[in-house]
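Numbers 5 to 309, taken from the numbering used here, label the letters of the sequence shown in order.
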Amino acid sequence: MEIENKTEVTEFVLLGLSQTHEVQLFLFFLFLLFYVIVLPGNILIILTVRGDPQLDSPMYFFLANLAFLDICYCFITPPKMLADFFSQRKTISSRSCIAQLFFLHFLGGAEIFLLIAMAFDRYVAICKPLHYATLMRKMVCWILVLAAWAGGFTHSLIQVAFVVRLPFCGPNELDNFFCDVTQFIVLVNSGLVVLICFILLLLSYGVLLFRLKTGISRGKRKAVSTCITHIIIVFVMFGPAMYIYCRPFHSLPLDKVVAVFHTVVFPLINPMIYTLRNREILSAMKQWTKQKLVMFVLSEICSKG
């Protein structure tokens with residue numbers, strides 16, 4: 005039996021976003037500034053929803069979970085990307101690469117299924133308003149959220165199960181700033197999940213908007229505004245994902261730009277889009293911030309007194 009000599013790849017070299025030191029320094033401060041401004045906003049959304057009894061509804065419960073998922077998602081690739089801006093040789097071990105791949109698709113898949121749960125919530129609220137309180141009980145909301153996490157986990161496990169069986173024998177250079185399945189093999193799984201969920205979400209919101217097209221009551225206006233906001237989030241999330249996973253993988257100059265928006269920018273912006281279009285949660289956030297600020301000032305005065 006003839007034995008072939010193969011050298012297994014133990015680490016990958018990430019070429020990053022740019023090889024120019026000045027550009028890397030500019031990008032570092034740009035992304036750091038973005039995180040300093042936007043990340044606390046997402047945390048504030050979660051704290052506001054949890055702390056305000058008036059926001060104790062399934063819609064805001066799902067929004068808080070969306071913000072939490074996006075915060076977790078942004079801790080997968082950006083920290084290493086920021087650290088690599090100061091590294092001469094950007095490397096990642098094969099195990100870390102697989103872990104990064106797993107969590108990217110785990111949290112990304114969970115967010116996709118959470119958006120489906122949010123669409124179901126809006127369907128019940130608009131089409132079955134008399135049964136809304138019964139159908140969307142707190143227990144049901146938790147089941148939908150847990151199902152979203154389980155769906156993301158299963159989706160990611162399938163991806164990793166394919167990838168770990170592949171013998172990586174070189175080359176070990178990845179023309180990107182993170183590891184993803186498209187650098188290894190184009191799997192039908194990702195593209196199908198993204199495309200099918202995108203079509204289902206658009207169809208569902210299209211049906212809801214059609215149901216709401218008659219009438220100009222305040223409640224219907226608010227429902228239309230909420231549906232439009234959800235549609236914006238769907239396009240913001242699925243647009244880059246379809247560009248990455250729903251086409252034959254050929255390296256293009258736009259790939260890195262789309263990857264940055266997909267993994268760094270859009271996840272933190274998604275909950276902010278919803279918040280800025282919702283007066284109730286904006287008012288609650290301002291009130292919550294004022295209360296905490298007053299309590300902090302009073303505690304400081306009491307401690308000094």
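Backbone N, C-alpha and C define an ideal beta-carbon position, used for all residues, glycine too.
Residue i versus the options, residue with shortest Cα-Cα distance
i, options, result
"arginine 99", "Ile41, Val167, Ala123 and Arg225", "Val167"
"leucine 207", "Leu51, Ile235 and Phe182", "Ile235"
"tyrosine 209", "His266, Val228, Ile277 and Asn274", "Val228"
"valine 53", "Ala288, Ser307, Phe265 and Leu297", "Ala288"
"lysine 94", "Gln58, Asp74 and Gln23", "Gln23"
"lysine 226", "Arg281, Gln28 and Ile50", "Arg281"
"cysteine 183", "Val211, Phe107, Ile41 and Leu118", "Phe107"
"valine 76", "Gln291, Leu272, Phe239 and Ser303", "Looking at the sequence provided, one finds cysteine at residue 76 rather than valine. Ranking the options by Cα distance to cysteine 76, first place goes to Leu272."
"cysteine 101", "Ala68, Ala263, Phe90 and Glu15", "Glu15"
"leucine 258", "Tyr247, Cys306 and Leu302", "Tyr247"
"histidine 266", "Val238, Val149 and Ala103", "Val238"
"threonine 230", "Asn46, Leu213, Val240 and Ala245", "Leu213"
"serine 4", "Pro244, Met140, Phe157 and Ser307", "This structure cannot settle anything about residue 4, because the visible part of the chain is limited to 5 through 309."
"phenylalanine 89", "Lys132, Pro275 and Leu31", "Leu31"
"leucine 312", "Ile305, Cys78, Phe72 and Gln92", "No answer is possible for residue 312: it lies beyond the span of the chain, which begins at 5 and ends at 309."
"leucine 73", "Val149, Lys294, Thr279 and Lys84", "Val149"
"leucine 29", "His159, Leu86 and Ala121", "Leu86"
"leucine 4", "Val128, Cys78, Thr158 and Ile120", "Coverage of the chain is limited to positions 5 through 309, which leaves residue 4 absent and any answer about it impossible."
"isoleucine 47", "Phe124, Val211, Val262 and Leu70", "Leu70"
Residue environment, residue i, which counts as buried when at least 16 other CB atoms sit within 10 Å
i, result
"isoleucine 130", "buried"
"glycine 20", "buried"
"threonine 81", "buried"
"arginine 283", "exposed"
"glycine 55", "exposed"
"glutamine 163", "buried"
"arginine 126", "buried"
"isoleucine 285", "buried"
"methionine 5", "Confidence in methionine 5 is poor, its pLDDT being 40 and thus under 50, which makes the residue's placement too unreliable to answer from."
"glutamate 26", "exposed"
"valine 190", "Note on valine 190: pLDDT 47, under 50, position unreliable in the model; the coordinate value appears next. So valine 190 ends up on the exposed side."
"methionine 143", "exposed"
"phenylalanine 110", "buried"
"aspartate 179", "exposed"
"glutamate 177", "exposed"
"phenylalanine 65", "buried"
"phenylalanine 202", "buried"
"valine 40", "exposed"
"valine 298", "exposed"
"isoleucine 232", "exposed"
"serine 97", "exposed"
"proline 175", "exposed"
"tryptophan 292", "buried"
"valine 197", "buried"
"proline 275", "buried"
"cysteine 306", "exposed"
"proline 244", "buried"
"serine 303", "exposed"
"isoleucine 200", "exposed"
Residue range of the alpha helix (DSSP H) that includes residue i
i, result
"leucine 34", "25-55"
"serine 100", "98-131"
"leucine 148", "142-167"
"isoleucine 277", "270-280"
"leucine 70", "62-77"
"lysine 94", "Premise fails: lysine 94 is in no alpha helix (DSSP H) and is neither H nor E."
"threonine 138", "136-139"
"leucine 86", "82-88"
"lysine 260", "259-264"
Bounding residues of the beta strand (DSSP E) (the contiguous stretch that carries residue i)
i, result
"leucine 18", "15-18"
Identified DSSP bridge partners for residue i
i, result
"leucine 2", "The chain is shown from 5 up to 309; residue 2 falls before or after that span and cannot be answered."
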